[in-house]
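The opening residue of the sequence shown carries number 0 in numbering that gives the first Met the number 0; numbering runs sequentially from there.
Each residue gets a CB set at the ideal place from its N, CA and C atoms; glycine is no exception.
Here's the structure, in C-alpha cells; my notes come after.
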Amino acid sequence: MINPPYHASNDRYESGMKYERCGKSGLLLPRISLGMWHNFGDTTPLARSRDILHFAFDRGITCFDLANNYGPSYGSAEETFGKIMQTSFRPYRDEMVVTTKAGHDMWPGPYGNWGSRKYLMASLDQSLRRMNLDYVDIFYSHRFDPETPMEETLQALVDMVRQGKALYVGISQWPYEASKFAYDYLAAHDTPCLIYQGRYNMIDREKAKEGIISQAAENGVGFTAFSPLEQGILTDRYLNGIPAGSRASIGKFLKPEKITATLLEKIKQLNSLAAERGQSLTQMALAWLLKDKEVTSVIVGCSSTAQLKDSIGCLDNLTFSPEELDKIDRILF
Ligand SMILES: NC(=O)c1ccc[n+]([C@@H]2O[C@H](COP(=O)([O-])OP(=O)(O)OC[C@H]3O[C@@H](n4cnc5c(N)ncnc54)[C@H](OP(=O)(O)O)[C@@H]3O)[C@@H](O)[C@H]2O)c1
Numbered sequence: 000m001i002n003p004p005y006h007a008s009n010d011r012y013e014s015g016m017k018y019e020r021c022g023k024s025g026l027l028l029p030r031i032s033l034g035m036w037h038n039f040g041d042t043t044p045l046a047r048s049r050d051i052l053h054f055a056f057d058r059g060i061t062c063f064d065l066a067n068n069y070g071p072s073y074g075s076a077e078e079t080f081g082k083i084m085q086t087s088f089r090p091y092r093d094e095m096v097v098t099t100k101a102g103h104d105m106w107p108g109p110y111g112n113w114g115s116r117k118y119l120m121a122s123l124d125q126s127l128r129r130m131n132l133d134y135v136d137i138f139y140s141h142r143f144d145p146e147t148p149m150e151e152t153l154q155a156l157v158d159m160v161r162q163g164k165a166l167y168v169g170i171s172q173w174p175y176e177a178s179k180f181a182y183d184y185l186a187a188h189d190t191p192c193l194i195y196q197g198r199y200n201m202i203d204r205e206k207a208k209e210g211i212i213s214q215a216a217e218n219g220v221g222f223t224a225f226s227p228l229e230q231g232i233l234t235d236r237y238l239n240g241i242p243a244g245s246r247a248s249i250g251k252f253l254k255p256e257k258i259t260a261t262l263l264e265k266i267k268q269l270n271s272l273a274a275e276r277g278q279s280l281t282q283m284a285l286a287w288l289l290k291d292k293e294v295t296s297v298i299v300g301c302s303s304t305a306q307l308k309d310s311i312g313c314l315d316n317l318t319f320s321p322e323e324l325d326k327i328d329r330i331l332f
C-alpha cells in the first residue's frame, strides 16, 4: 500500500508534551507548536511534510501555525496542510488548533496586502479552501497596518468570529500602543484577543524589552514566540559551516553573512553550556523561552522529524540556575 491509513499514536497525550493556558482563555496550547513557514510548500516532497506533521501530532503537538503566504509558493503550505487534513488528520480535527494569518503580500493589486477588511476577509476564505477546513481556530492579523484604521482591521477579526470562520483571534508583530488599542477594542466587542505572536528568542529579546510580553499577560492575552531558534542559528546547524539545503544556504530569509565568526564563537560557547546541562543547544534555546509561563508556546520550524524530536526534548528540563542565566547573557551580550 502506498499510503497506509494514519492512526494517531494512542499515547500522544502521555508522551511528555506539556500544555499551558493561553492567557485568561479556556484554551490550552502545547508548549511546542509547529510552524509551517518553511519546508512545507510545494517545493518540499509531500511525503516529508506528511511525516513531520504526523510525527508532531503523535507527540502531542496540537497547534499548527500557518499563514496565507507560507510556502514557497504562496499558499502552498496551506495546501499541504489541506491535503493532510483530507487524507489523515480529519478524524482528529477537534484535537487540533489550526491557525492562519493575513497581513503580508499575498496577491497582486491593492487588495492582497496589509490590513483592510477587504483583504482579510477574502484571505481567510481562501485559506479555508486551501486547508479543507470550515473554520480556523485562530486567525491573526499578521502585521500592523499604519494606513488602515485599526478599527477596520479589528472589526474584521470580530466579524470572522461572528461568522463562525474563526474561533479566536490574535495579533502578530503589532507595536505596543496599537496592541493596547487592539486588546481594548476586541474585548469591548466580545471577542477578547486570545494571543500575541511575536519574534522572540535568546538573541532577539526586543519583545521583552518593549514590554509586549508583560503587556499581553496584563491583558489576559497569551504570548507565542516565533523563530525561537533564530531560524536555526541557535542550534548546531551552522557550527561547522553552512550545510547544503539549510535556510542560510538558500539565503532568502536567513542571510549567510548574518552568521559571522563572532556570532559563531558565541554559539559554540552556548553549545558547551547546553552540553553541561545535558541538553542540545536547540533544547536549551527553547527551554530558555519556556521557563517563563508568560510564553504560552514556542512555534518551532523544522526540516526533518529528527530536528523536531530534538526540539521536543527541551521539555525534559525547563529550569535554569541564576548562574546559568547569567552565563548565557554574558556570552551573548
Ligand atoms: N508572525 C510572523 O510574522 C512569523 C514570522 C516568522 C515565523 N513565524 C512562525 O514561526 C514558525 C517558526 O519560525 P522559524 O522557522 O523561523 O523558527 P525556528 O525554530 O527559529 O527555525 C527553524 C529552523 O531551524 C532549524 N532547526 C530547527 N530545529 C533544529 C534542530 N533540532 N537542529 C538543527 N537545526 C534545527 C531548521 O533549519 P533548516 O530548515 O535549515 O533545517 C528549521 O527550519 C514559522 O513556521 C511560522 O509559523 C511567524
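Residues that residue i bridges to, as DSSP identifies them
i: Q196; result: S171, T223
i: T98; result: D64, I137
i: P29; result: Y18
i: I298; result: S32, F225
i: A165; result: V135
With 16 other Cβ atoms within 10 Å as the buried cut-off, status of residue i
i: M0; result: No answer about M0 holds up, because its pLDDT of 49 lies below 50 and its placement is not dependable.
i: R161; result: exposed
i: R89; result: exposed
i: Q172; result: buried
i: R58; result: buried
i: E256; result: exposed
i: I327; result: buried
i: E77; result: buried
i: Q85; result: exposed
i: P148; result: exposed
i: N112; result: buried
i: Y139; result: buried
i: F56; result: buried
i: D10; result: exposed
i: L324; result: exposed
i: F39; result: buried
i: D183; result: exposed
i: L238; result: exposed
i: G240; result: exposed
i: R20; result: exposed
i: S48; result: buried
i: G114; result: buried
Best match in the options for proximity to residue i [C-alpha to C-alpha]
i: S248; options: I232, A305, Y199; result: I232
i: S24; options: V220, V299, G40; result: V220
i: T393; options: A165, N131, E94, K164; result: Absent from the model: residue 393. The displayed extent of the chain is 0 to 332, so no value can be given.
i: I212; options: T261, E323, Y195; result: Y195
i: E229; options: G300, C192, N270, M159; result: G300
i: Y18; options: N67, P321, V96; result: V96
i: D203; options: S14, L331, N270; result: L331
i: P29; options: L324, P321, C313, F319; result: C313
i: Q125; options: S75, R20, S302; result: S75
i: G34; options: H188, L156, G210, A66; result: A66
i: T98; options: L272, I170, Y5, D315; result: I170
i: S156; options: R129, T43, A186, K290; result: The residue asked about is misnamed: residue 156 is Leu in this sequence, not Ser. Residue A186 is the option with its Cα nearest to L156.
i: T318; options: T295, D291, I311, T42; result: D291
i: D41; options: K206, L153, K208, K82; result: K82
i: D315; options: T295, R116, A286; result: A286
i: R329; options: L288, E264, R276; result: E264
i: Y167; options: L27, S320, W36; result: L27
i: R92; options: P44, E150, A7; result: A7
i: S302; options: L45, R20, A46, I51; result: I51
i: D136; options: E94, S115, P109, D104; result: E94
i: M16; options: S320, E322, L289; result: L289
i: T295; options: P242, L262, L193, E275; result: L193
i: S122; options: Y134, M105, P109; result: M105
i: G210; options: Y175, A243, D189; result: Y175
i: E293; options: E150, N218, P44, A274; result: N218
Nearest-angstrom beta carbon gap, residue j and residue i [assumed within contact, 8 Å]
i: G197; j: F222; result: 7 Å
i: P227; j: A284; result: 7 Å
i: F54; j: L307; result: 6 Å
i: A101; j: Y118; result: 6 Å
i: T304; j: T234; result: Actually they are not in contact, since the Cβ atoms of T304 and T234 sit about 15 Å apart, beyond 8 Å.
i: I31; j: V297; result: 6 Å
i: S271; j: D309; result: That pair is no contact at about 17 Å.
i: L341; j: K179; result: The requested residue 341 does not occur in the structure, where the chain is confined to residues 0 to 332.
i: W36; j: Y69; result: 5 Å
i: Y199; j: K208; result: No, Y199 and K208 are not in contact; Cβ-Cβ is about 10 Å, not under 8 Å.
i: G22; j: A177; result: Contact flag wrong, Cβ pair sits at about 18 Å.
i: H188; j: H141; result: Contact doesn't hold; Cβ gap of about 20 Å is too wide.
Proximity test, Cβ basis, 9 Å: residue i and chain C
i: T98; result: The chain inventory of the structure shown lacks chain C, comprising one protein chain alone.
Task: Any beta strand (DSSP E) of 3 or more consecutive residues that is wholly inside the region 237-263 - done: Taking only runs of at least 3 residues, no beta strand (DSSP E) segment lies wholly in the region 237-263.
Open item on the list: Please give the ranges of any alpha helix (DSSP H) in the region 42-93, keeping only runs that are unbroken, at least 4 residues long and fully inside the region.
Closed with: Complete alpha helix (DSSP H) runs here, min 4: 45-57, 75-83.
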